[in-house]
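**Student:** Mapping the sequence shown onto the working numbering, position 385 (from 1) lands on 393, and the numbers just tick up by one.
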Amino acid sequence: MAQILIIDDHDAMREGLELLLRRRGHRTLAAESGARGLEFLEEHGADLVITDLKMAHMDGIEVLRLVRERSPETEVLVMTAYGTIEKAVEAMKLGAADFLTKPFSSEEFAVKVERLVREREERERLRRENRSLRVENTYLREGLGEDKPPRYGEIIGESTQMESVFRWIDRVSRSDSTVMIYGESGTGKELVARAIHASSPRCTGPFIRVNCGALSDGLLDSELFGHEKGAFTGAERRRRGRFELADGGTLFLDEIATVAPATQIRLLRVLQERELERVGGEETIPVDVRIIAATNQPPEELLGGNGFREDLFYRLHVVPLTLPPLRDRLEDIPVLTRHFVSKLRDRTCSPVREVADGVFDVLRTYGWPGNVRELENVLERALVLADGERLETTDLPVLEPRRENGSNGASGPELTRDGMDLNQVVEGMEERLLREALRQSDGVKAEAARLLGLKPSALYYKLEKYGIDA
Ligand SMILES: Nc1ncnc2c1ncn2[C@@H]1O[C@H](COP(=O)(O)OP(=O)(O)OP(=O)(O)O)[C@@H](O)[C@H]1O
Ligand SMILES: [Mg+2]
9 MAQILIIDDH DAMREGLELL LRRRGHRTLA AESGARGLEF LEEHGADLVI
59 TDLKMAHMDG IEVLRLVRER SPETEVLVMT AYGTIEKAVE AMKLGAADFL
109 TKPFSSEEFA VKVERLVRER EERERLRREN RSLRVENTYL REGLGEDKPP
159 RYGEIIGEST QMESVFRWID RVSRSDSTVM IYGESGTGKE LVARAIHASS
209 PRCTGPFIRV NCGALSDGLL DSELFGHEKG AFTGAERRRR GRFELADGGT
259 LFLDEIATVA PATQIRLLRV LQERELERVG GEETIPVDVR IIAATNQPPE
309 ELLGGNGFRE DLFYRLHVVP LTLPPLRDRL EDIPVLTRHF VSKLRDRTCS
359 PVREVADGVF DVLRTYGWPG NVRELENVLE RALVLADGER LETTDLPVLE
409 PRRENGSNGA SGPELTRDGM DLNQVVEGME ERLLREALRQ SDGVKAEAAR
459 LLGLKPSALY YKLEKYGIDA
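1. Can you find a heavy atom of ligand 2 that lies under 8 Å from the Cβ of GLU198?
2. Would you give the residue range spanned by the alpha helix (DSSP H) that ARG353 belongs to?
3. Can you tell me which residues form a DSSP beta bridge with PHE215?
4. Please indicate yes or no: does the CB of ILE164 lie closer than 8 Å to some heavy atom of ligand 1?
5. Should HIS205 be counted as a contact of ligand 1 given a C-beta to heavy atom distance under 8 Å?
6. With burial defined as no fewer than 16 other Cβ atoms inside 10 Å of the residue's Cβ, what is the status of THR168: buried or exposed?
7. Counting beta carbon pairs with one atom in the stretch 186-202 and one in the stretch 229-241, are three or more of them shorter than 8 Å?
8. Excluding the 5 residues flanking PRO464 on each side, which residues of the same chain have their C-beta closer than 8 Å to its C-beta?
9. When the Cα atoms are used, what is the spatial distance from SER419 to ARG217?
10. Is it the case that the stretch 308-322 contacts the stretch 202-213, given that we only count it when at least three CB pairs across the two stretches are under 8 Å?
11. Between the C-alpha atoms of SER183 and PRO209, what's the straight-line distance to the nearest angstrom?
12. Taking only runs of the alpha helix (DSSP H) that begin and end inside the stretch 277-359, which ones reach a length of at least 4 residues, in chain order?
13. Shorter than 8 Å, the distance from the beta carbon of ALA301 to the closest heavy atom of ligand 2, or not?
14. How many angstroms separate the CA atom of LEU344 from the CA atom of GLU115?
15. Quick one, which of ASP336, ILE273, ALA394 and ARG355 has its alpha-carbon nearest VAL363's?
16. Is VAL267 helix, strand or coil by DSSP?
17. Given this structure, state the Cα-to-Cα distance separating GLY42 from THR109, to the nearest angstrom.
18. DSSP on ILE204, reduced to helix/strand/coil?
19. How long is the line joining the alpha carbons of ASP16 and PHE117, rounded to whole angstroms?
20. Using CA atoms only, rank isn't needed, just tell me which of ARG346, GLU397 and ILE341 is closest to TRP376.
21. Under 8 Å, with one C-beta from each stretch per pair, do the stretch 317-328 and the stretch 269-278 reach the 3-pair mark?
22. Tell me which same chain residues have a C-beta within less than 6 Å of the C-beta of SER181, skipping the five on either side of it?
23. How many Å lie between THR402 and LEU442 at the Cα?
24. How about the stretch 244-262 and the stretch 63-70: do they share at least three Cβ pairs that are nearer than 8 Å?
25. Grouping DSSP H, G and I as helix and E and B as strand, with all else coil, what is ASN416?
26. Does any residue of chain C bring its CB to less than 9 Å from the CB of HIS65?
27. Within 10 angstroms of the Cβ of ASN431, are there 16 or more other Cβ atoms? Answer buried if so, exposed if not.
28. Is it the case that the stretch 218-233 contacts the stretch 278-291, given that we only count it when at least three CB pairs across the two stretches are under 8 Å?
29. For ALA99, which option in SER113, GLU81, GLY461 and LEU74 has the closest C-alpha, if you only look at C-alpha atoms?
30. Comparing C-alpha positions only, which one of TYR374, ARG381, THR356 and GLU408 sits nearest to ALA390?
31. Looking at GLY234 and GLU252, is the spacing between their C-beta atoms short of 9 Å?
32. Does the separation of the CB atoms of LEU124 and GLU83 fall below 9 Å?
33. Could you tell me whether any non-hydrogen atom of ligand 1 is closer than 8 Å to the CB of HIS65?
34. Among THR292, ARG381, ALA96 and ALA54, which residue has its Cα nearest to the Cα of PRO80?
35. Less than 8 Å between C-beta atoms, sequence neighbours within five positions excluded: which residues of the same chain meet that for GLY378?
36. Do the CB positions of GLU283 and THR292 come within less than 9 Å of each other?
Structure representation (structure tokens):
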């Protein structure tokens, strides 16, 4: 028997499905709109949500997205009209468990629902077993940790710095300690947090992320701890917070440095006591959650009297990790580049199959203030523009050379023992700048010539030479 929420703006359909499910012994809730359905979900929870895709106001895709975000353990079955298979495909990509094409028979419906309910129960059972093993037997836990192949998600790197990050992930995944991840923007903090969860004994539980920087103070409180009906104006019903949703799993507190003082006190209490009260509530609710926090401020700045409580700092800073910026591990550039090229090739419809060595040389000369995220963006742009099977330096946008020690240090490719073909390097750079100037001038040649300090006739000549079509 499962708790099932039906969302459909078609009354007869909704009532019919409800009846079918009740007859099979399930508990049901029915909502005539996505917004109402989400309210029910927050208030009562659900094992399975069955939603129509085509509805007025909030469509089923949006409902699916919000259910996956707010209640990751709830399965979603979507119903689509005949002839709208692309919508169903999109829904499956977004994490729907299955879909039904209308019209369907009551047997078809029942078979799908029962299968989803069974699969979910099985997962829950494994999760409970896993958890009790973890709590009861440390030795067995160590053993489990070793048998499993390490899983680092999509984290790529072969530098010594990244090797030690991987070793660190292995170690902390086995424990249940609070983890604090430091690192500049784009260094992979979220990726690491997910990897820790995925290789921890809590992997079958939920991974819930809260971006503390994105919410105003009051909202963050109710997002984290939930609220009771009537706790404040607008709180029309009771709502479970992220701590409760993360029960049995991991809660990722992103951008922790931005949390307001009052919320810091509440956080401190949950970290110490492992229990909380919802905003406006009296009931004490125990929570079994592993905390991972992240910030792009270094620890000394957090502690430097910027409004972050010292006691909370030490509660979080139990097992700290600082992710190295990309400029300190330039040897990772080739693996990262190949990884992103194969990951982004399809999305950008790019013909690129390989990467010219010169590309790595150019990428290594840049300082990457936006770290791996910036590299990914630069490569995505390059893939969109490239039209050959090999990604060339000329496909890259202009990257300002890295400044070392504040002075204008190394710029451009360096001459190594292997030597270089100067003409090729210079021509590569020239072509790249020509393309960039055309891009910046929206293809207006006179403007591009001005940007490059060339006479228009000289620009035409060069465009011809490189076969560039403005
Ligand atoms: N080592 C890595 N291997 C592969 N991809 C990476 C790596 N590090 C970061 N990325 C990619 O770079 C992007 C940014 O990573 P992530 O969101 O984890 O960074 P962050 O440290 O949380 O940044 P911010 O502080 O800006 O939120 C993501 O698309 C991620 O997949
Ligand atoms: Mg992040």
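Beta carbons: idealized from backbone N, C-alpha and C, even for Gly.
**Tutor:** Looking at the coordinates:
1. Walking along the sequence shown from the start, residue 198 turns up at place 190. Answer for GLU198: yes, Cβ within range of ligand 2.
2. Walking along the sequence shown from the start, residue 353 turns up at place 345. Counting along the chain, ARG353 falls outside any alpha helix (DSSP H), and DSSP gives it neither H nor E.
3. Counting from 1 along the sequence shown, the entry for residue 215 is found at position 207. THR258, per the DSSP bridge assignment.
4. Walking along the sequence shown from the start, residue 164 turns up at place 156. Because some heavy atom of ligand 1 lies under 8 Å away, the Cβ of ILE164 counts as near it: yes.
5. Position 197 of the sequence shown holds residue 205. No, since every heavy atom of ligand 1 falls outside the 8 Å radius drawn around the Cβ of HIS205.
6. Counted from its first residue, the sequence shown places residue 168 at position 160. Burial call: exposed.
7. no
8. Position 456 of the sequence shown, counted from the first residue, corresponds to residue 464. Here the set comprises LYS453, ALA454 and ALA457.
9. For the purposes of this step, residue 419 is identified with residue 411 of the sequence shown, where counting begins at 1. For the purposes of this step, residue 217 is identified with residue 209 of the sequence shown, where counting begins at 1. Reliability of the predicted coordinates at SER419 is poor, the pLDDT of 47 falling under 50, and the value obtained from them is presented with this limitation in mind. Near 40 Å, if we compare the C-alpha coordinates of ARG217 and SER419.
10. no
11. In the sequence shown, the residue the question calls residue 183 occupies position 175. In the sequence shown, the residue the question calls residue 209 occupies position 201. In a straight line, the C-alpha of SER183 is about 9 Å away from that of PRO209.
12. 307-310, 318-324 and 341-352
13. Here the question's residue 301 lines up with position 293 in the sequence shown. ALA301 Cβ: outside cutoff for every heavy atom of ligand 2.
14. Start at 1 with the first residue of the sequence shown, and residue 344 comes out as number 336. Start at 1 with the first residue of the sequence shown, and residue 115 comes out as number 107. Between LEU344 and GLU115, the C-alpha separation is close to 49 Å.
15. Against the sequence shown, residue 363 aligns to sequence position 355. Ranking the options by Cα distance to VAL363, first place goes to ALA394.
16. Position 259 of the sequence shown, counted from the start, is the residue given in the question as residue 267. Correct three-state label for VAL267: coil.
17. In the sequence shown, counting from the first residue as 1, residue 42 sits at position 34. In the sequence shown, counting from the first residue as 1, residue 109 sits at position 101. C-alpha separation (whole angstroms): 19 Å.
18. One-based indexing of the sequence shown puts residue 204 at position 196. Here ILE204 sits in helix by DSSP.
19. Taking the first residue of the sequence shown as 1, we reach residue 16 at position 8. Taking the first residue of the sequence shown as 1, we reach residue 117 at position 109. Their backbone Cα atoms lie some 15 Å apart in a straight line.
20. Walking along the sequence shown from the start, residue 376 turns up at place 368. Nearest C-alpha to TRP376: ILE341.
21. yes
22. The residue labelled residue 181 in the question sits at position 173 within the sequence shown. Once the five neighbours on either side are set aside, the close Cβ partners of SER181 are ILE204, SER207 and SER208.
23. One-based indexing of the sequence shown puts residue 402 at position 394. One-based indexing of the sequence shown puts residue 442 at position 434. Approximately 9 Å between the Cα atoms of the pair.
24. no
25. Looking up residue 416 in the sequence shown gives position 408. For ASN416, the pLDDT reaches just 38, beneath the cut-off of 50, and the residue's location in the model is therefore unreliable, although a value from the coordinates is still provided. Coil.
26. The structure shown contains no chain C; it is built from a single protein chain.
27. By one-based count along the sequence shown, residue 431 stands at place 423. By the 10 Å Cβ count, ASN431 comes out exposed.
28. yes
29. For the purposes of this step, residue 99 is taken as the residue at position 91 of the sequence shown. The shortest C-alpha separation from ALA99 is found at LEU74.
30. Mapped onto the sequence shown, residue 390 falls at position 382. Comparing Cα-Cα distances from ALA390 to each of TYR374, ARG381, THR356 and GLU408, the minimum goes to THR356.
31. To locate residue 252, count along the sequence shown from 1; it is residue 244. To locate residue 234, count along the sequence shown from 1; it is residue 226. The answer is yes: Cβ separation under 9 Å.
32. By 1-based counting over the sequence shown, the position of residue 124 is 116. By 1-based counting over the sequence shown, the position of residue 83 is 75. Contact flag set, yes.
33. By 1-based counting over the sequence shown, the position of residue 65 is 57. Not so, every heavy atom of ligand 1 lies at least 8 Å from the Cβ.
34. Residue mapping note: residue 80 aligns to position 72 of the sequence shown, counting from 1. With distances taken between Cα atoms, PRO80 lies closest to ALA54.
35. Position 370 of the sequence shown holds residue 378. Contacts found: SER193, GLY194 and ASN385.
36. By one-based count along the sequence shown, residue 283 stands at place 275. By one-based count along the sequence shown, residue 292 stands at place 284. The answer is yes: Cβ separation under 9 Å.
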